[in-house]
Amino acid sequence: MKLLLLPLLLSAATALASTCDSGLRQSPIDITSTTRQPLPDLSFDYRAAPLKLADDGHTVRVRFANGSQLHIGPQRYTLQQFHFHTPGGDRIAGENFPMAAHLLHKSQSGQLLALVVLFRVGAENPLLEALLPLIPARADGAHTLPGKTVDARALLPASHGYYRYPGSVTAPPCTEGVDWIVMKQPLQLSAAQLARYRKRFADNARAVQPLHQRAVLESL
1 MKLLLLPLLL
11 SAATALASTC
21 DSGLRQSPID
31 ITSTTRQPLP
41 DLSFDYRAAP
51 LKLADDGHTV
61 RVRFANGSQL
71 HIGPQRYTLQ
81 QFHFHTPGGD
91 RIAGENFPMA
101 AHLLHKSQSG
111 QLLALVVLFR
121 VGAENPLLEA
131 LLPLIPARAD
141 GAHTLPGKTV
151 DARALLPASH
161 GYYRYPGSVT
171 APPCTEGVDW
181 IVMKQPLQLS
191 AAQLARYRKR
201 FADNARAVQP
211 LHQRAVLESL
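In structure tokens form, the structure reads like this:
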């Protein structure tokens, strides 16, 4: 039986590697050339929710089940969770940001959308300052903290200008068909906060991927 299963396992591993290595719409990217045009406004209907967070071994992940939504024109996406990457992954004109927050959404039809908020080193970030002391001591599943809430609006920059491109999940199996929205205005975190996060988690961002003639749209 083990001998029969071996080809299936090897085939599955090859398929995963193939998507990550040879996919034509992979994330993240370096945003160096864009097409500026009127794009639908981003309308955020985020709400405070009970804080449910986990150390998943790679990052701190905060999950939502309260119906927080993002509207893009007639399209509606429900916020599933957010987590952090160091460094930021997506670049803008070659700039490599020290951290990014990925806010993952899903539409009623199952369409995945990743909204990326980049960080530069500067002032202390209030949301990170609240979350860092609460990260579970080990990767043992999600923890709900009684009396604690989180509001994803704290991760939104004041300006809602954005870039949009067709991308992928950044970890195997690197599934494509994910809408990527990168906010143009970065947030800030302090050098001490970045050092504290990196002391806990190794850098987990995927390297930038070839554009392969994809169009990157930029809001006016």
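In terms of my numbering, the sequence shown is residues 1 to 220. Think of the CB as a built atom: it goes at the ideal place given N, C-alpha and C, for glycine as much as any other residue.
In this structure, DSSP gives Ser-43 an extended state, which the three-state scheme calls strand. Around the beta carbon of Gly-147, a 10 Å sphere encloses fewer than 16 other beta carbons of the protein chains shown; the residue is thus reported as exposed. The criterion of a C-beta distance shorter than 9 Å is satisfied by Leu-189 and Glu-124. Between Leu-79 and Leu-104, the CB-CB gap stays under 9 Å. Among the bridge pairs identified by DSSP, Ile-181 is matched with Leu-115 and Arg-164.
Counting the other Cβ atoms within 10 Å of the Cβ of His-212 gives fewer than 16, which makes it exposed. According to DSSP, residue pairing for Asp-30 in a beta bridge involves Arg-91. By the C-beta criterion, the segment 55-74 is judged to be in contact with the segment 127-139, since at least 3 inter-stretch pairs fall below 8 Å. Our two residues, Gly-167 and Ala-54, have alpha carbons roughly 26 Å apart in a direct line. The beta carbons of Arg-36 and Ser-219 sit closer together than 9 Å. Ser-219 carries a strand assignment under DSSP once its states are collapsed to helix, strand and coil.
Following the DSSP letters along the chain, one finds Ala-48 in no alpha helix (DSSP H), marked with neither H nor E. Close CB contacts of Ala-158 within its chain, under the 8 Å cut and outside five residues either way in sequence, are with Gln-185 (chain order).
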